[in-house]
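Residue numbers (this note's numbering): 12 to 437.
Below is one structure; the comments refer to it alone.
Quick look at the structure:
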């Protein structure tokens, strides 16, 4: 494998906002000195690859033939009738290979790892979708793969643990802290520091030190680019609003990025409100956090008065994280994007509504956005147009949802709101 440093220099790509590592006062690179070289190597490899037609062609070919792009834009006619307002479209990332939007980013970073001559990749995962996508591309490219996952998330997402192991990945349950995504990220950073010369840390969201927020955004912005062109083709105009759930923020940033300059398009992110913003049990970083530094970047963080990271809670493992990507922090600070919350009970309600109205079982993460989208559709009225990013499918969540709703083979589900309250998730 030819290392990037041995290749002839190429003209660098113009990747726009965040190319200097900053989004207003957010972003940056707050890491141990041992990681500085690896981050600079990644930045160089990414910028060089972005200017390389052969890299772009290989990534596009894999994304189409292996990853299932472009994904469909589906008119949700029954959901639209239920909302009684704007037409609602679903951007169907659940139809991508491995069942979520994650596959496009791991394809890009997998090729970058090859380009840097690194044959070992490590990753962390919450809901397991990023871990499954990473294990998939590692198998496809013949790379060694280790995935760190909180012990609690391993329990909640057992199916995805099995899927990763079937594809040859080593899954390491993390018992420290609350056994969720934050703790898995801490362990992954420790591994990276110890093995930085041979290992690429394949981050799955628009978080972490520069250049990760930039790299991930550019690999997933295809979501918004497709949604933009598909909406123009179907409706002859841009949507009034695009909506996505927000944990670390990758699927939302992928949808938002191509619309940021379109002032007439509202960007709406939905955070995990857990038991409610008035409690300690939520993961709504932008709505309930304060500015701070977490995992190598300045952004909004759920922290106490002493700067200690607070425990978080969400019914969805993929949103159970105390930080958020720095570009989301900038979008919020400048007023360009709006961020609202949905509780666990509302997520369960959205999960049931989409299954019953459209025959689509969503992941619990985008299920958070269903009820807010219905409210927004009513606000916009019949002439409005909304696109909801359906970032993943819900196979992984069926066991957890059926447990919370008390469903068995012999008994139908209870009312979502009443049952959720009974289980202490409302």
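In this text, a Cβ means the ideal position worked out from N, Cα and C, and glycines have one as well.
Computed from a prediction, not measured in an experiment: that's the story for all the values here.
Assign residue i to one of three DSSP states: helix, strand, or coil.
i	result
residue 314	strand
residue 71	helix
residue 90	helix
residue 181	strand
residue 98	strand
residue 155	strand
residue 400	strand
residue 419	strand
residue 141	helix
residue 344	helix
residue 14	Its pLDDT being 41, under 50, residue 14 is placed unreliably by the model, and the measurement read from it follows with that caveat. Correct three-state label for residue 14: coil.
Please list, in chain order, all residues of the same chain as residue i whose beta carbon is under 7 Å from its beta carbon, the five residues on each side excluded.
i	result
residue 150	178 and 179
residue 212	133, 199 and 203
residue 444	Residue coverage of the chain in this structure runs from 12 to 437, which leaves residue 444 outside it and unanswerable.
residue 118	70, 73, 74, 78 and 148
residue 366	372
residue 94	385, 388 and 389
Whole angstroms is fine: what's the gap from residue i's alpha carbon to residue j's?
i	j	result
residue 260	residue 335	6 Å
residue 49	residue 62	20 Å
residue 142	residue 71	22 Å
residue 509	residue 173	Residue 509 lies beyond the residue range present for the chain, which begins at 12 and ends at 437; the question has no answer from this structure.
residue 44	residue 51	11 Å
residue 132	residue 227	16 Å
residue 99	residue 144	28 Å
residue 390	residue 92	14 Å
residue 320	residue 290	16 Å
residue 404	residue 84	15 Å
residue 347	residue 201	36 Å
residue 318	residue 387	35 Å
residue 167	residue 197	20 Å
residue 102	residue 396	13 Å
residue 315	residue 188	16 Å
Please return the same chain residues whose Cβ sits closer than 6 Å to the Cβ of residue i, not counting the five positions on each side in sequence.
i	result
residue 191	161, 163, 164 and 331
residue 337	34, 37, 38, 224, 308 and 310
residue 13	For residue 13, the pLDDT reaches just 35, beneath the cut-off of 50, and the residue's location in the model is therefore unreliable, although a value from the coordinates is still provided. No residues qualify anywhere along the chain.
residue 341	34, 35 and 37
residue 186	162
residue 271	none
Quick one: what's got a C-beta closer than 8 Å to residue i's C-beta in the same chain, skipping five residues either side?
i	result
residue 351	279, 280, 281, 282, 298 and 383
residue 123	53, 56, 57, 60, 211 and 226
residue 19	Confidence in residue 19 is poor, its pLDDT being 47 and thus under 50, which makes the residue's placement unreliable; the coordinate value appears in the next sentence. Result list for residue 19: empty, nothing under 8 Å.
Give a yes or no on contact between the stretch 60 to 73 and the stretch 264 to 272, applying the rule of three or more CB pairs nearer than 8 Å.
Not touching, per the Cβ criterion.
Any 3 or more C-beta pairs closer than 8 Å across the stretch 315 to 329 and the stretch 370 to 383
They touch, by the three-pair rule.
Can at least three beta-carbon pairs, one atom from the stretch 277 to 290 and one from the stretch 251 to 258, be found at a separation below 8 Å?
Yes: the two stretches touch, three or more of their Cβ pairs being nearer than 8 Å.
Are at least three pairs of beta-carbons, each pair with one atom in the stretch 236 to 249 and one in the stretch 381 to 393, less than 8 Å apart?
Fewer than three Cβ pairs drawn from the stretch 236 to 249 and the stretch 381 to 393 lie within less than 8 Å of each other, which leaves the two stretches out of contact.
Using 8 Å as the Cβ pair cut-off and three pairs as the minimum, do the stretch 100 to 111 and the stretch 288 to 303 touch?
No: the two stretches stay apart, fewer than three of their Cβ pairs being nearer than 8 Å.
Ordered list of alpha helix (DSSP H) runs contained in the stretch 204 to 279, each at least 4 residues:
Correct list: 223 to 231, 233 to 246 and 261 to 267.
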